[in-house]
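Colleague:
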């Protein structure tokens, strides 16, 4: 969605909130938060060594399936964090992914496995280790930033989220 569309939705959420408030039956903040959450994606900040990544968060199956598909680029400080309720073996596919990615499996804030430079079109990438988080970053970043198996990961979910 373009920036203009986001601002239109935010404006509409505020107008609807004011309308509910003026009628007297609802709290404006509850209504505005509901509509803003529809527009603003959940984000998290990931710290590995001295590197910081600002990531989108994928908690739902729908968000996980979409992932970073059809993205034409990914800056070096961006990524996507996949969050799972329990540790398990989570496979990933690069179908419809246009850029190479490093896929990093994390168990309880420690990197347990890395697939470097996963290429677009790779059908199924399956780790040998269980994880409860998976981080996707720009291909080649793990090697250039000395991110390795065993590295500690600090995950901070941003305040505007339900985390």
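Residue numbers (our numbering): 31 to 193. Backbone N, C-alpha and C define an ideal beta-carbon position, used for all residues, glycine too.
1. Take every Cβ of the segment 74-86, pair it with every Cβ of the segment 142-162, and state whether three or more of those distances are shorter than 8 Å.
2. Starting from the Cα of residue 146, find the closest Cα among 42, 179, 43, 71 and give me that residue.
3. Tell me the DSSP bridge mates of residue 108?
4. Tell me which same chain residues have a C-beta within less than 8 Å of the C-beta of residue 120, skipping the five on either side of it?
5. Report buried or exposed for residue 171, applying the criterion of at least 16 other Cβ atoms within 10 angstroms of its Cβ.
6. Check the DSSP bridge columns for residue 143 and list the partner residues they point to.
7. So what's residue 164 in DSSP terms, helix, strand or just coil?
8. Exposed or buried, what is residue 182 when buried is set at 16 or more other beta-carbons lying within 10 Å of its beta-carbon?
9. Which stretch, first to last residue, makes up the alpha helix (DSSP H) that contains residue 101?
10. In three-state terms, what does DSSP make of residue 177?
11. Are the beta-carbon atoms belonging to residue 117 and residue 185 less than 7 Å from one another?
12. Let me make sure I understand the geometry here. Which of 37, 41, 77, 122 has the alpha-carbon closest to that of residue 187?
13. Can you say whether residue 141 is buried or exposed, counting buried as having 16 or more other CB atoms within 10 angstroms of its CB?
14. Round the Cβ separation of residue 101 and residue 133 to the nearest angstrom and send it over; I've been treating them as touching at under 8 Å.
15. Around the Cβ of residue 106, are there at least 16 other Cβ atoms within 10 angstroms (buried) or fewer (exposed)?
16. Between residue 88 and residue 46, what straight-line distance do the alpha-carbon atoms span, to the nearest angstrom?
17. On a Cα-Cα basis, can you pick out the residue from 42, 40, 79, 109 that is closest to residue 169?
Modeller: On the basis of the data shown:
1. no
2. 179
3. 84
4. 112, 114, 135, 157, 161, 164
5. buried
6. 135
7. strand
8. exposed
9. Run containing residue 101: none; DSSP gives neither H nor E here.
10. coil
11. no
12. 77
13. buried
14. No, residue 101 and residue 133 are not in contact; Cβ-Cβ is about 14 Å, not under 8 Å.
15. exposed
16. 28 Å
17. 109
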